[in-house]
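Data block below; observations after.
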Amino acid sequence: MTDYKQWIVWQKSMDLVTSVYGITGDFPKSELYSLASQMQRAAVSIPSNIAEGYARINPKDKHHFYVISFASSKEPETQLEIARRLKYLDETSFARCSALLLEVVKLLSKMVFRKLE
Numbered sequence: 256m257t258d259y260k261q262w263i264v265w266q267k268s269m270d271l272v273t274s275v276y277g278i279t280g281d282f283p284k285s286e287l288y289s290l291a292s293q294m295q296r297a298a299v300s301i302p303s304n305i306a307e308g309y310a311r312i313n314p315k316d317k318h319h320f321y322v323i324s325f326a327s328s329k330e331p332e333t334q335l336e337i338a339r340r341l342k343y344l345d346e347t348s349f350a351r352c353s354a355l356l357l358e359v360v361k362l363l364s365k366m367v368f369r370k371l372e
């Protein structure tokens with residue numbers, strides 16, 4: 256079995272973390288401990304739960320962490336929209352980050368919704 260770091264879903268989710276940290280760095284200082292922090296934590300949760308699921312022995316335990324990762328991937332979707340509506344993000348940054356998030360969601364959905372072995 257390959258290491259989770261070789262999985263496209265983990266690599267793309269790490270790219271998402273980098274992207275989220277990049278865009279939230281430009282948010283107003285008043286958002287440092289609110290929306291920016293929430294977005295960062297949600298993004299970090301995705302590859303973290305993929306890694307933890309990989310380390311689990313029991314297939315049901317593995318699946319459970321992939322489900323958590325999938326659920327975590329839905330949080331930034333709303334948070335990105337909030338940031339866009341508050342004009343913290345320009346349309347280009349919003350589109351780029353949303354497209355990357357969509358890739359991650361699609362890859363995770365394949366992991367979550369396939370039959371347990």
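Taking our numbering, the leading residue of the sequence shown gets 256, the next gets one more, and so forth. Glycine included, C-beta positions come from ideal geometry on N, C-alpha and C. Note that the structure is a prediction, hence the values are computed from the model and not measured.
Check the C-beta distance from Ala306 over to Val272 and give it rounded, since I have them as a contact under 8 Å. 12 Å between Cβ atoms; not a contact.
How far does the alpha helix (DSSP H) with Phe368 in it reach, from first residue to last? The continuous alpha helix (DSSP H) containing Phe368 extends over residues Glu346 to Phe368.
For the alpha helix (DSSP H) that Glu332 lies in, which residues bound it at each end? Pro314 to Arg340
Cutting at 7 Å between CB atoms, please list the residues of its own chain near Leu355, excluding the five before and the five after it. Lys267, Asp270, Leu271 and Ser274
Using a 10 Å radius around the Cβ and a threshold of 16 neighbouring Cβ atoms, would you call Asn304 buried or exposed? buried
Looking at the structure shown, is Thr257 part of a helix, part of a strand, or coil, going by DSSP? coil
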